[in-house]
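As numbered in numbering that gives the first Met the number 0, the sequence shown has no gaps in its residue numbers, which increase by one up to the final residue, 845. Here a beta-carbon is modelled for each residue, glycine too, at the ideal position from N, C-alpha and C. Everything on this sheet refers to the single structure shown next.
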Amino acid sequence: MKPNEKAAVGNEEQPKKKKKKRSSPYAQFTFAVVKTVLVILISLGCVFGGILGGAVFGYVKNATPITADQLDITKLTSFIYDKDGNEIAQIKGSENRVLVEHSEIPDNMRNAFIAIEDSRFRSHNGMDIKRFVGAAMEYIITFGNASYGGSTITQQLVKNITGNEESTIKRKVQEAWQAMALENVLTKDQILDNYMNRITTGSGVYGVQAAAKKFFNKDVKDLSLAECACIAGITKSPGLYDPTLGEKNKARNKDRQETILDEMLRQGYISQNEHDEAIAEQLKFYQPKDEDKKSSASVQSYFVDYVLTQVKKDLMKKYNLSSDAASIKIYNSGLNIYTTQDSNIQKIMTEEFTNIKNFPANEKISNPDMQAQGAMIVVDPATGQIRGMYGQYGTKEVSFALNRATDMKRQAGSSFKPIAVYAPAIDLGLITPGTVIDDVPVYMDTTKPNTPYPTNAESGTYQGLINIRKAITKSQNVVAAQVFRDYLKPENSIKYLKKVNIDRPDEGYISMALGGLRDGVNPLDMAAAFVPFVNQGMYIEPISYTKVTDDKGNVLLDRKQDQKSNVAYKETTAFLMTSMMKDVVTSGTAAGYIPDTNLRYGQVKNKEGKTIPTAGKTGTTEDYRDKWFVGYSPYYVGASWYGYNTPKSLKRTEWNQALLLWNKVMNRIHSNLEVKDFDPAPEGIVKKSICIDSGKLPGPYCASDPRGSRISTEYFAKGTEPKDECDVHILAKVDISSKDIYGRPLLATEYCPPNLVQEKVFIRRPVPYLPKDPSNKSLATAIKDWMYELPQGEYCTIHNASTSHPASSSNTGNENQTGNGFTVPPIGGETLPTEELPDDGMDVIP
């Protein structure tokens, strides 16, 4: 029996059981494989689960929660305002952002973002499990190339705060944990508000407020439902959905806006009617005007440049900040800077300094570096506040370019005399407006003892005996130099210059009195230095802003409170200086008429044609390289400069350009102002009639000077008025036929024929002028009063004992007398001039 048969038999001896149907080999194999795979997968799952769990634990352990400092948005746009509170510029760092509070954000904006970005925002704990799992599965299936967005608004906020853009599991895990942690410390509204203040709509614009301004020129609180949905749709991809970047973008934005509105309707945030109206609304995107473009453009105005430099300097000083820290504060902290700019004045100045007609020399010069330049500043003398400035010719093309109004250093010429010489000397009681100086050739350059220095203009013309008022009017260098050296002394000049914030301790030399400085000045320096003449002698530090606040309104800098002021001169001195400088614009170097007009260069009229009083001083430097005018009205002080980057002699046609620029600006800014006079004479001012050739009380012959009466009324500070009588005018008998080498009649002797003897009024210098070369006949024309001086000690050389009999002592030859004095007869057949001629208004440093 076969073994198996035995087994069968044996089996037959056992109790009978039901037989099982055997599986097919294929099924058995398949089951075995599946079983094996399941075992392997379970094993691997345990392994990978452990690894993954460990990894997640490690990621979470190493993650740090978002701190309060990180939640504080620091990259904010700063704003600059003019004196009336109008925005004139936005100062942005890397991000243009304006923070808004919860109450300023409309519900439609909030709901638009929730509807399209995170529909379960109000119910999840920072991580939406359903979206997170869906995103994770897609990430695995696509091997890391998922496009499905699983991030909640809270997670997006975390990413915006950390700046972590990595597409990794680690980042996603840590971000989810940080979002959940954030939800434990912030409310949903706080999270959403922070998120909406951080989102970007492209072009450096961040936050819904800046976006509302950019696209609709509105505050976010004023946006319509359609506008809210439009902005919410841009953030997905500004490059594709910014509607201002072309028609394709505009169409894409419209599609996405409608998608958002559909979602808002589906989720119950809006009604069908609101939905339909929003879709039908025609959006009007903001197109900025030229002025608005300029205010937000990267090229800042000269005024804004200057304000920012001052704010930065003051922040560094007050808060002990480094330069970089102060800059970060300005560009990223949402500051509000309130300036002193009058936007109308600034607009006028910009127009005049970009007008080629005011710079005709540039019509044939294309190279900007070679073109004529100009600069000007306007200050309110009552407050020291700068109202406008411009620092070049032409349109400003870069921020923080050289501002010639505030940064350049050039010699000031004769415009420096009032502050370096005349005002200090008057304030110290050393001179008066009536003090007489002999304007004759002097030799103050010790290295060239035989060369006159300084001289008056190129002509070398001297006025002779001249008072301070006339010397200022005609801008006589010799007089200023003599007052500086012989009356004032350099140390007093330096002391008074410091009172008007021009500190020149090492420049106590003659040329400083004439504006020939080693370390020059700019229009801001000069305008500020002239403020005391309008402001009762008080110097006020010029300021460009009044205050700076942070984004919450807290005052960081109060410039008005910190503004310095001091007494520069007595009130009487300020009055006397203005009185004299008024003559400069009516009969002096600023009194010429503008071609083809009836307006003087230094004259200002309002729109009604009424003259508003002005005063000022011109300035010209050596070889006509610079031209200045510092002029003022009761309303404003304006200082203008004209010249070239590389100093060179100006053409004669350019000599009046500084005056012209001043005139054009000042007339326009005074157009709507009423006529207003300077302050009346203060207590301590007295009036006296004086002789203008001696500075003393009139004598018996002052009214009979051959040039006409020399008596004038003058102002004095009480106690400085003259007490003595004129000793310059004298009466003498001369022989009109006998003359000296200059053509002046000589004293008569007893031998002169009575018909040739005349009694005339002459001048006699208190200190005789002895020319280095007495034979130089040009003195007759070089010194304007030379012909009226009596040749002292020189007698008739024609008549003597051998030619004539002595004349009777009773024969005085005064048959030409009148009741008021003597009529001047012709000398040598010619009539002497009866008035002084101007010297072409030159006021040049020699």
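When C-alpha distances from Lys82 are compared across Phe399, Tyr544, Ile539 and Arg651, the shortest belongs to Tyr544.
Phe120 carries a coil assignment under DSSP once its states are collapsed to helix, strand and coil. Going by C-alpha positions, Leu523 is about 34 Å away from Asp437.
Distance from the CA atom of Arg109 to the CA atom of Val184, rounded to whole angstroms, is 20 Å. Distance between Gly201 and Gly412, taken at the CA atoms: about 53 Å. The three-state reading of DSSP puts Val629 in strand, counting E and B together. For His274, the enclosing alpha helix (DSSP H) begins and ends at Gln271 to Ala279. Contact between the stretch 611-621 and the stretch 413-421 is present: 3 or more CB-CB pairs across the two stretches fall below 8 Å.
For Val547, the enclosing beta strand (DSSP E) covers residues Tyr544 to Thr548. Beyond the five residues adjoining it in sequence on each side, Ile113 comes within less than 6 Å, by CB distance, of Phe120 in the same chain, given in chain order. For the pair Glu788 and Asp704, the Cα-to-Cα distance works out to about 11 Å.
Listed in chain order, the non-local C-beta contacts of Asp368 below 7 Å within the same chain comprise Asn644, local neighbours out to five positions each way being set aside.
Annotation for Leu660: the continuous alpha helix (DSSP H) segment containing it runs Gln656 to Ile668. Pairing Pro767 with Val439, the inter-Cα distance amounts to about 11 Å.
Distance between Gln69 and Asn354, taken at the CA atoms: about 50 Å. Pairing Tyr392 with Ala371 gives a Cβ-Cβ distance under 9 Å.
Less than 9 Å separates the beta-carbon of Gly373 from that of Tyr641. Between Thr712 and Ile684, the C-beta spacing is not below 9 Å.
Residue burial annotation: Val482 is buried, with at least 16 other C-beta atoms found within 10 angstroms of its C-beta. By the C-beta density criterion, Ala419 is buried, having at least 16 other C-beta atoms within 10 angstroms.
Linking His669 to Ser774 through their CA atoms gives a straight-line distance of about 55 Å. Approximately 6 Å separates the beta-carbon atoms of Gly383 and Ile542; this is inside 8 Å, confirming the contact. By the 16-neighbour rule on beta-carbons within 10 angstroms, Ala716 is buried.
In the DSSP annotation of this structure, Lys217 is not part of any alpha helix (DSSP H), being labelled neither H nor E. Excluding sequence positions up to five before and after Ile493, its CB lies within less than 8 Å of the CB of Arg503, Pro504, Glu506 and Gly507, all in the same chain and listed in chain order.
The stretch 310-317 and the stretch 390-409 do not touch, with fewer than three beta-carbon pairs separated by less than 8 Å. Here Ile190 carries a helix assignment [DSSP, helix/strand/coil].
Given a length threshold of 4 residues, each whole run of the alpha helix (DSSP H) inside the stretch 730-809 is given here in chain order: 778-781. For Thr585, the enclosing alpha helix (DSSP H) covers residues Glu570 to Ser586.
Of the candidates Lys328, Leu75, Asp622 and Tyr194, the residue whose Cα lies closest to the Cα of Val157 is Tyr194.
Taking 9 Å as the cut-off, the Cβ atoms of Phe358 and Leu282 do not count as close. Restricting attention to Glu607, His274 and Gly718, the CA atom closest to the CA of Val674 is found in Glu607. The beta carbon of Gln208 is closer than 6 Å to those of Val97, Val99 and Val219 in its chain, skipping five residues each way along the sequence. In the DSSP assignment, Met375 falls within the beta strand (DSSP E) that extends over Ala371 to Asp379. Distances from the CA of Gln155 to each of Thr186, Ile190 and Cys751 were compared; the closest alpha carbon is that of Ile190. DSSP places Arg255 in the helix class (H, G or I) of the three-state scheme.
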